[in-house]
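Trainee: Just so you know, we're using numbering that gives the first Met the number 0 here: the sequence shown kicks off at 0 and counts up by one.
A virtual CB, placed ideally from N, CA and C, is assigned to each residue, including glycine.
Sharing a structure here in structure tokens format.
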Amino acid sequence: MSPAVILFVPAACLSAVFCNFDDLPATVTNELPGSSTTWLYTTADVNPDNNYYMTIYDADGWRSTVGYPDNAGIHNFFYIYFNTYMSDHMGWPTYGYMGIDADSAVVGKCLRYDVTGGINSTGVYGSTITTKQDYLNYLSQGHDPVADGALVGSPYVYFCNNSSSYSPIPFPEASQANRLSVYIYAPPGLNNGVGGWGNPVTTTMNFGPFNGVGGHWYHNIYSRGGGWIHVLLDSHPQHNNAFHNASLYPYPSASIRDMGVDYYNTMSALYVVFMPYGGIDTVPYTVMYDEMEFYNDPEPQNNETIASPTVMYVPASKTFEIGLNDKYKGNSRSYSTYELRYSFSPITNANWAEAAPVRILADARFDIDERADGKFAKWWPYYQSVWAPFTLASDEDKARLLPGTRIYFAVRDISQVDGDGSTPVTDTGVGHWATGGRDYANYGDTFDYAGDQPVLKLIKRIDYIVPGGHPSPVTYETGYPVPPENLEVK
Numbered sequence: 000m001s002p003a004v005i006l007f008v009p010a011a012c013l014s015a016v017f018c019n020f021d022d023l024p025a026t027v028t029n030e031l032p033g034s035s036t037t038w039l040y041t042t043a044d045v046n047p048d049n050n051y052y053m054t055i056y057d058a059d060g061w062r063s064t065v066g067y068p069d070n071a072g073i074h075n076f077f078y079i080y081f082n083t084y085m086s087d088h089m090g091w092p093t094y095g096y097m098g099i100d101a102d103s104a105v106v107g108k109c110l111r112y113d114v115t116g117g118i119n120s121t122g123v124y125g126s127t128i129t130t131k132q133d134y135l136n137y138l139s140q141g142h143d144p145v146a147d148g149a150l151v152g153s154p155y156v157y158f159c160n161n162s163s164s165y166s167p168i169p170f171p172e173a174s175q176a177n178r179l180s181v182y183i184y185a186p187p188g189l190n191n192g193v194g195g196w197g198n199p200v201t202t203t204m205n206f207g208p209f210n211g212v213g214g215h216w217y218h219n220i221y222s223r224g225g226g227w228i229h230v231l232l233d234s235h236p237q238h239n240n241a242f243h244n245a246s247l248y249p250y251p252s253a254s255i256r257d258m259g260v261d262y263y264n265t266m267s268a269l270y271v272v273f274m275p276y277g278g279i280d281t282v283p284y285t286v287m288y289d290e291m292e293f294y295n296d297p298e299p300q301n302n303e304t305i306a307s308p309t310v311m312y313v314p315a316s317k318t319f320e321i322g323l324n325d326k327y328k329g330n331s332r333s334y335s336t337y338e339l340r341y342s343f344s345p346i347t348n349a350n351w352a353e354a355a356p357v358r359i360l361a362d363a364r365f366d367i368d369e370r371a372d373g374k375f376a377k378w379w380p381y382y383q384s385v386w387a388p389f390t391l392a393s394d395e396d397k398a399r400l401l402p403g404t405r406i407y408f409a410v411r412d413i414s415q416v417d418g419d420g421s422t423p424v425t426d427t428g429v430g431h432w433a434t435g436g437r438d439y440a441n442y443g444d445t446f447d448y449a450g451d452q453p454v455l456k457l458i459k460r461i462d463y464i465v466p467g468g469h470p471s472p473v474t475y476e477t478g479y480p481v482p483p484e485n486l487e488v489k
């Protein structure tokens, strides 16, 4: 059997839509960002082209110099989106500028967005900035444009191509993919909720893809800030912009099923926006983007009740966070329980039992207790958001978290009796609730058991590259039970 290759390829942008920013020159503090042979820095004044948002609205961005294989006139580009909806529901303007950072990336270089101010419901903070030139102009005039200390800003970045929105051309890099992998650095002030009775883990980022199988979709992210977050989007979004009420969703309790490669085969644009719109941290602060890649993971996985997982790591404390989405919204009986394991080699369904359980850390906001078996539960059943902090099982394993190390995680849904049964587990001692799963048997009209049952025993996997090194690509045979490499669990 020839080996299947999962394309985590940091050195070459073989499957990445927007590469890893490594071929761009690092931006000097008091100079404008630069270009490379493949990416052209563009604003209204620098390399202008009226076919691109950056020139029309004078915003920092880059456009590819390489056209699509089947249409040389179509080019990828990315840019600061200046949100002018002026509302807490749709968003507010954020002031800031972009550059390329060579010191803080996960691997090589990364895209950097420095936030200097903005507008929210309480006022206007700082001076209007949408390009690095704006910022430098204020400094040259002896004016400080930064709104120091103001809680404002929700950075918003688009990744797209210049095809018409009426007849969009899909990203060729996304063809036959079933995952979109990207690392995002979020500032320490980004928080995911106050917790307490009735208060769910809140959304801190939203990914908004556009494709030909539904138009405008949403993937919700729940990680806090303070480190690099590995976001792994699958083909199971949480919402569609056209679904204005639960009756428009194809499955019960406003649920959607995994769409596989069809979801990516027609994708032509996406954005990433931080939340809440009123402000995610006090100015000045920085967000960063790195290693943006599409790929196809051939391992059978649970893409129904475990969607869009994320892992965030804080090197100073050697602690992690996992976030994911359960399938159901607005269903007060949608309890769920999970188990998270790790290894320093790839985890498959065949070798899951050999991987080490993480140590879950306590968080009183969401009634999470510390435990050594890797088990955690969804806090509030009415919502989709699932989140838990954790660390590795031993000091020896923590010592291996050097820059460039790739660590592998896999999570399983353990909510049901016998793994995939129609009755929920109960009184497990995990989480706040006595009920630990979905009662498909008695409330079948509120769940999608036909869609869930075939995958409930499968893992969902995500890896993490410790920032600052040069990891190797991952290769292995599909389904081959490679024994995980772990030290003693203490």
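1. Going residue by residue through the region 23 to 80, where are the continuous alpha helix (DSSP H) segments of at least 4 residues, counting only ones entirely within it?
2. Going straight from the alpha carbon of proline 68 to that of aspartate 257, what length do you get?
3. Compute the Euclidean distance between the alpha carbons of valine 200 and histidine 218, then round it to the nearest angstrom.
4. Which whole-angstrom value describes the C-beta separation of lysine 465 and glycine 403, a residue pair presumed to lie in contact below a C-beta threshold of 8 Å?
5. Classify asparagine 219 as helix, strand or coil using the three-state DSSP reduction.
6. What are the start and end residues of the beta strand (DSSP E) that includes leucine 323?
7. Measure from the alpha carbon of histidine 431 to the alpha carbon of each residue in Pro423, Asp451 and Ala363, then state which is nearest.
8. Could you tell me whether any non-hydrogen atom of the ligand FMN is closer than 6 Å to the CB of alanine 101?
9. If contacts are defined as beta-carbon pairs under 8 Å, then lysine 131 and methionine 85 qualify, I think. What distance do you get, rounded to the angstrom?
10. For threonine 93, count neighbouring C-beta atoms within 10 Å of its own C-beta (all shown protein chains included) and say buried if the count is 16 or more, exposed if not.
11. For the alpha helix (DSSP H) containing lysine 131, name the first residue and the last one.
12. Taking the Cβ atom as the reference point for each residue, do glycine 436 and tyrosine 334 lie within a distance shorter than 7 Å?
13. Taking only three categories from DSSP, how would you classify tyrosine 262?
14. If you compare alpha carbons, which of Ala409, Glu303 and Pro249 is closest to glycine 259?
15. DSSP three-state call for glutamine 237: helix, strand or coil?
16. Could you name the residues of the same chain whose beta carbon sits closer than 8 Å to that of tryptophan 351, not counting the 5 residues immediately before and after it, in chain order?
17. Nearest to glycine 207 by CA position, among Tyr263, Pro186 and Arg223, is which residue?
18. Taking the Cβ atom as the reference point for each residue, do glutamate 338 and valine 105 lie within a distance shorter than 7 Å?
19. For the alpha helix (DSSP H) that contains tyrosine 448, what are its first and last residues?
20. When you compare each of Val286, Tyr463, His469 and Pro470 to histidine 229 by their alpha carbons, which one comes out closest?
21. Checking contacts by CB at 7 Å: is leucine 400 closer than that to chain B?
22. For serine 252, does the count of other Cβ atoms within 10 angstroms reach 16, so buried, or fall short, so exposed?
23. Secondary structure at glycine 443, three-state DSSP: helix, strand or coil?
24. Does the distance from the CB of threonine 425 to the CB of alanine 433 come in under 7 Å?
25. To the nearest angstrom, how far is the alpha carbon of glycine 125 from that of alanine 149?
26. Taking 8 Å as the limit between beta carbons, can you name the residues of its chain near glutamate 369, skipping five residues before and five after?
27. Is proline 186 closer than 7 Å to tyrosine 224 when the C-beta atoms are compared?
28. Excluding the five sequence neighbours on either side, which residues of its own chain have a C-beta within less than 7 Å of the C-beta of tyrosine 442, listed in chain order?
29. Please determine, among Asn161, Tyr56, Asn82 and Val156, the residue with the shortest C-alpha to C-alpha distance to glycine 66.
30. With distance defined between alpha-carbon atoms, name the residue in Tyr182, Gly329 and Pro356 nearest to tyrosine 250.
31. Name the DSSP beta bridge partners of aspartate 491, please?
32. Could you tell me the alpha carbon to alpha carbon distance between aspartate 447 and tyrosine 327, rounded to whole angstroms?
33. Restricting to Cα atoms, I'd like to know which of Phe293, Gly420 and Leu23 is closest to alanine 176.
34. With a threshold of 16 other CB atoms inside 10 Å of the CB of proline 482, please say whether the residue is buried or exposed.
35. With a threshold of 7 Å on Cβ separation, who are the neighbours of valine 313 within its own chain once the five nearest residues in sequence on each side are excluded?
36. Please say whether alanine 306 and asparagine 324 have beta carbons closer to each other than 7 Å?
Mentor: Based on what the coordinates show:
1. 52 to 55
2. 29 Å
3. 15 Å
4. Reading off the sequence, residue 465 comes out as valine, not lysine. Yes, valine 465 and glycine 403 are in contact; Cβ-Cβ is about 6 Å, under 8 Å.
5. strand
6. 318 to 324
7. Ala363
8. In the structure shown, the ligand FMN is absent, as is every other ligand, since no ligand is present at all.
9. Between methionine 85 and lysine 131 the Cβ distance is about 25 Å, and since that is not below 8 Å, they are no contact.
10. buried
11. 131 to 139
12. yes
13. helix
14. Glu303
15. coil
16. Arg340, Ala409, Arg411 and Ile458
17. Tyr263
18. no
19. 448 to 451
20. Tyr463
21. The structure shown has no chain B; it contains just one protein chain.
22. buried
23. helix
24. yes
25. 9 Å
26. Arg358, Ile359, Leu360 and Ala361
27. The sequence shown places glycine at residue 224, not tyrosine. Yes, Cβ-Cβ distance for glycine 224 and proline 186 is below 7 Å.
28. Arg332
29. Asn161
30. Gly329
31. Missing from the structure shown is residue 491; the chain here goes from 0 to 489 and no further.
32. 9 Å
33. Phe293
34. Confidence is the limiting factor: at proline 482 the pLDDT is only 41, short of 50, which leaves the residue's position unreliable and the question unanswerable from this model.
35. Gly225 and Gly226
36. yes
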